[in-house]
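Read the structure below first, then the notes.
Protein chains in written order, with our numbering: chain A, 1 to 319; chain B, 1001 to 1319; chain C, 2001 to 2319; chain D, 3001 to 3319; chain E, 4001 to 4319; chain F, 5001 to 5319.
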């Protein structure tokens, strides 16, 4: 047994458990047949259930639950408040071969407050974002963005936590002069554009500055996106955008740091205005979806905020 | 260790097992590294294998097998003769978060004689029906009807146990006057209806009482059924039905309590006569399936038997 | 010139015309460069315009107009009040070869009050029904039913004369208990049937006698009708019918002898009730159309009235 | 025979012709078996061939050719330089019935320099525009725009006279920075836009002013245009446009008054720049075509020149 | 009137006809209001009906029938035994403009024994092949091959005269070793090739020399053929071919000079062997048709016989 | 504890492990809470991790790794160098029922050097081939071929180990005379064939011996292969092949024993030449794929080498 000098004062270790590490926080409990190797570090108030195995190069934050039958391998970094369901399975080698340890192990990161469902499998090198939810039995083969909900094999995003879902742009009647409806997210608005139809076809139009609140310096079209893919996942510092799904449909999640809302764009006479400093994600593209985007600025990589924490910082600075 | 006064006389507990409950039936064996909490109740002649963990609020019937690596959580109710394969995984919280126990736990019910395949995952709040079979690796997200076989992620019904499968209504040649073929299920018959075709199209017709053995007081059409869904799953006390799949195809399982048979309806000139007191299930609807049903009675909710056990009771009373 | 003893007293023949027949009715005018052979028979008050040619075995009724550039060949039978537009063209041999006259000529019949558009071509052996309208430039390769409007090459039915067109069954909102709307045709009504939908699919049902005004002794399904084809075109003496288009769409023309209306059936929760002694035609079947018909009587060929004139007779007798 | 006082001095009338009108211009020839009624007016240097019939309320301009077997009915207005092919057929009543003359006759207008092909049929009330070409055997059911070529039954536009056809935007290789190619029409250019593709799909972008020679104040999308239809047919006084066919394909005819060219747009990374005072027509849309247009100005009806003659005037003023 | 010295001795000219040519053959009749210009040449035993107009540069063979209302323009060459139906219309200028005669006239050729249906329109520059049949109302825009039957606007081939039609390769049962069936055409055989299918798919194979009676030196694939197009129309002097329609279907007409048969190829396990000196035509391609052809020789243009008459010559030489 | 006489001299057994078998090879380590039953046989240098359970009728080769949470059931045969990831799950009864052991257990075979990913489920009776890789979370329902990589539920082949992937035949420009490009696999070459297109469609041709390096004695077509299926998996001793994918696409893996490459065939004018003694596999067929293969020899079963080890032997003999 390891030197127990760093162990918290009221750590509980079941008589049938093997707790070889000295770095175990106060209030943490380790149950029967669990086995913690000497190098592991476990924070306060954790719950390590029966039949769990924890290797050496593993760091576990505070208030983490590890249910029965789970192994945490070298390279795993578990932040605070993470939940790991029973028999959830990790690994640290994408192409494992017996007795071949020449490749460096791949780190897996479980960010603060995320949950891994029962029996889920997480591939090596994955990051599961803050507060994300991995469904039971999901097989995670790609990084899971913060707050995303994933399920299936392979796992796909099926929603976002704490996000109001608006089924689709409501379209009560034809609009001839354009109309603007606010959303619950600061600055984001849904624009109905005029739609003219006659025997020769249909036409929809948008006037810049009048109906679309900026003059574009750039447009782009996104298309042939596999249904499983997610695009966007960033905010802009100063660029305004206006999104129109000219064919098929796509779901857009917009988030001002306080409120989050999901809007389905599914008709060419509806647009979504996204001002700077709003986080936006596009997903659930249909096979035929074609998304037209107007941008107020020329392309500038430095205008993109691609990290959600950085986005939250930028919001604070602004106010 | 718990008070052992209620324990059966010949319970076997491996020296490396922890069996803290006193309610363990005669003939039950508990193997190495298994851990049974004090509140659990286990019936006779069960087999609890290595590395199993059983929480307190768990009830297990008789002759149950729990293979290695399984955890049975609070809220699980396991009936007699259930088989739970190795590393099968349960849970009792749909949106688990570490250290948040404010939501009530969700019960999971495994009915008599069902089997859960190796490595299967069963979501919270699910009922797996009597004698149902959950395939290895299946992720069960919906209730599984009695006797159904499910597999995949998410799990879908792929068959019914002990049910003879008739690939499709045999169609050896055009029929002009109608023909009737019995099935192996009491009273159920397959009816070939006349089909006339010429350059202007095709026409199929049925004469009531002559070709279809009752006069209808009602018809209904079922359509746009998602392929994963199951309809029917009931018997009628006195109503006769006649089913014609006018487009696409659908599989119908009919069951007289003794014999069960699956018939694929896939052409508009074939009908299935289902008399009262026959249990019927429709599933494997193709996307375009359209099922036309004639009923001998007006709609009457009290005529439906929707519980299989109740159906078996009704059969007994009748004889 | 022929013997003129049967000629009407005030027949006008232009000095530059050749009118060799003696059977020309009172009030008929024959204009410049027209040529009527001796065997032709022309009724009263006809107008035979410039450059027309009329062969011997041709019979023309009263008040017929034959515009310029038309030839009427042996075998043509033109009833009263027919209009033949300029350069309309007939023939009497399907596989004409020069100097080969071994096949019998094929008769063409233009029934009372029909019109042949400018430049139309009518193939040999065709009957154009009473009051039918052949559009300009149409190439008629099949019989044209009474009152039908045809156009195109080959000509297809595009409507019926004097028939009010109701675009489709109006569907303002879901209906739970059924609803009945009258039409402008005596006794014919449009029935909205209850439609129930949930996640497992959709179901529409009809109760006989309550929602559908008779008890069926027969049903039939019509499907795979080529879009160009017309079905029905008959009335029943005593059978009631109820039509539901369970898939695709079909246009039904109903006619009580006084009023005619066209109703498009295009949804499974809408039915059309057709009582006895209403003439009905179905056409404009979409490729996927599937028409379900309930009949109050068993099949009886003697119940069908397939001739419109006979239908008009039957109506008179009844009143 | 009519009073011949208004007849030109060297009118030729064949001995077998009937020329009853006195208003026939100098140099006009009227051939055998033709028949001109007294009210008709025929200009100079016309050629009226054998077996032609001309009613009273008909006006014919100068240098018109009417080939054999044609009738010109009351209400026809034939401008200068028109060619009418043999057996071409007109009419002046959409729903002709024998002896029913209660509806007013419908006028048909053949504008200057147009040609009507052999055996073509022109429905009542049609205008055939200046220099248009109606193909042999065409059945014209809609107005024919100036300079359009139509054929078929019903007739559809298949091209424009004197217009160079460029098969499609040539695409020799991927382009990363954009490229511009001139056309034969003044100021019109074809722009290749960068196309980026990766695992998540494809993206094409255009930088305004740099790659597209103006900053847009307006965009519009045109879609679901039936293949038979034509859009555009106008020039702008001051508005610049940039057309991108983001899906399917469309043919664009551009015309600077001197030169005319047809360009097929069929890919999302190719655009067409159309400056002011260029006449543009779009047609031959595929079923799935979706045309995105950027405009340099806000919508202003007074900026549109919709009449080709007015367009020619505007060009003259400018130079 | 023209010099009549070359006129046949028993030519009949109706008193109201204008027959200005002296070259009119014995036994030919010219009827009322017909007009033949001086330069025309007409053979023996022809029948020129009322209201026909024949220009100068026209040559007509023997036993030709020209029904009423037809004009034959300069440039028309009509061979023996041709039938021209009433109001059939020809022209000799594709882009006619009034008073513009700068383009040379285009010749139209009607080969021996062909028939032009009533009201058909034949565009300038067309050749209608020997014994071909142009249906009533057809608008002929392309050459019509010998013996083809065409109809519609534009006219498409719908069959071949005197050709036995075999609906499709008969497929009574799976074949494992291959089978050969003769046709009614000399040397041509239908080969059923082995088809093996299992859960992994289907496989069909052909052994050269054993099952296919030659060793190929070349293969080619024909695909994306518009449905309206005809391919083949030639015979080979020494090359053997073997045709397999691997997708979709195509009709092949084979002809040994004596017998003609049409075979529909519509499955990948059926091939058609065509030996040298058999005339073959492929048409009625479905949109997805893909025709695989094996050839016994390398490509050699001199091996092709593309003229049916030359083909008949080659057959004679051989015997 | 079992008789330890057959145990290797330096076997390590953790104090908390239960190692009841005496047949455990030198250098093998057995970790905490693992349980090995007396009948099991384990080779040298194996690593049996925590919480593993090994039944009696199990044979394990040398250098095998069994990660935590795995059970190896009666009937499992594990060859040398196999890796079994954490929580991977096996079973030996397809239709398990509690307490019913009447059916014989089904053997599962893991061949030399294969790896089973974390959390994978392997159904009873499966063989996983040598060096194959079963992805994390895969549910294996069919045998896995040697060297194949599988993933998903149910598991499908997604690649082959150590195989260079060439995205598709590069097509820089049209080719008129044919072109040949080598691959990294000995003797295998990619052939571009001439493609000719005109208004009537497209044609591609190949000259044997000139463009394709042998004269075929056989051809076959492979089609309607379900996308999940694999074909080929063999080498020929003396037969040459030439593969053309005439529609859709297919991936071909070719392997000369030293080098392995995957080539996607996706156009009818590209072919792949495969000489004798090259191992070839075809998979990833699109739904519409149709593969045409030419073979230099007649069908001869003895020419096929269907076992990879035998293929390797044949290569050695040759050199």
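Ideal placement from N, C-alpha and C gives every residue a C-beta, glycine not left out. Just so we're clear, the structure is a prediction, and the values are computed from it rather than from any experiment.
- The Cβ neighbour count for residue 2131 of chain C, taken over all protein chains shown within 10 Å, is at least 16; the residue is labelled buried.
- Rounded to whole angstroms, the gap between the alpha carbons of residue 86 of chain A and residue 5041 of chain F is 30 angstroms.
- A Cβ of chain C is located within less than 8 angstroms of the beta carbon of residue 1220 of chain B.
- Residue pairing for residue 1255 of chain B: DSSP places it in a beta bridge opposite B/1260 and B/1279.
- Under the three-state reduction of DSSP, residue 2164 of chain C is assigned to strand.
- Ranking A/145, A/261 and A/246 by CA distance to the CA of residue 185 of chain A puts A/261 first.
- Interface with chain A (8 angstroms Cβ-Cβ cutoff): residue 5102 of chain F is excluded.
- Taking the beta carbon of residue 3292 of chain D as reference, the chain A residues within 9 angstroms of it are 219, 221, 246 and 292, listed in sequence order.
- Secondary structure of residue 4071 of chain E (DSSP, three-state): strand.
- Excluding five sequence positions before and after residue 2065 of chain C, the CB atoms of its chain that fall closer than 6 angstroms to its own CB belong to 2047 and 2083, given in chain order.
- Among the residues of chain D, those whose CB is under 9 angstroms from the CB of residue 2082 of chain C are 3098, following chain order.
- For chain F, the residues of the stretch 4263-4284 of chain E that bring a beta carbon within less than 7 angstroms of one of its beta carbons are 4268, in chain order.
- Contact of residue 5208 of chain F with chain E is assigned, a C-beta pair being separated by under 8 angstroms.
- Cβ neighbours of residue 2062 of chain C within its own chain (closer than 8 angstroms, five residues either side excluded): 2025, 2043, 2044, 2045, 2046, 2080 and 2081.
- Taking 8 angstroms as the threshold, the shortest C-beta distance from residue 141 of chain A to chain D does not fall below it.
- The continuous beta strand (DSSP E) containing residue 241 of chain A extends over residues 241-247.
- Assignment of residue 1182 of chain B by DSSP, reduced to helix, strand and coil, places it in the strand class.
- A distance below 8 angstroms between beta-carbons, with the five flanking residues on each side excluded, links residue 4312 of chain E to the following residues of its chain, in chain order: 4257.
- Within chain E, no residue has its beta carbon less than 9 angstroms from that of residue 3204 of chain D; the closest one is some 27 angstroms off.
- For residue 4071 of chain E and residue 2039 of chain C, the gap between their C-alpha atoms comes out near 27 angstroms.
- Annotation: residue 217 of chain A is outside any alpha helix (DSSP H) and is labelled neither H nor E by DSSP.
- The residue from F/5113, F/5242, F/5225 and F/5140 with its alpha-carbon nearest to that of residue 5119 of chain F is F/5140.
- DSSP places residue 314 of chain A within a helical segment (H, G or I) once states are collapsed to three.
- The alpha-carbon separation between residue 1179 of chain B and residue 1129 of chain B amounts to approximately 37 angstroms.
- DSSP places residue 5095 of chain F in the coil class of the three-state scheme, outside both helix and strand.
- Around residue 5207 of chain F, the same chain offers 5178 as residues with beta carbons nearer than 8 angstroms, after the five sequence neighbours per side are excluded.
- Residues of the stretch 108-124 of chain A whose Cβ lies closer than 9 angstroms to any Cβ of chain F, in chain order: 119, 120, 121, 122, 123 and 124.
- When C-beta distances to chain C are compared with 9 angstroms, the residues of the stretch 4028-4054 of chain E below that value are 4031, 4032, 4033, 4045, 4046, 4047, 4049, 4050 and 4051, in chain order.
- Residues of chain E with a Cβ closer than 8 angstroms to the Cβ of residue 3187 of chain D do not exist; the shortest Cβ-Cβ separation is about 29 angstroms.
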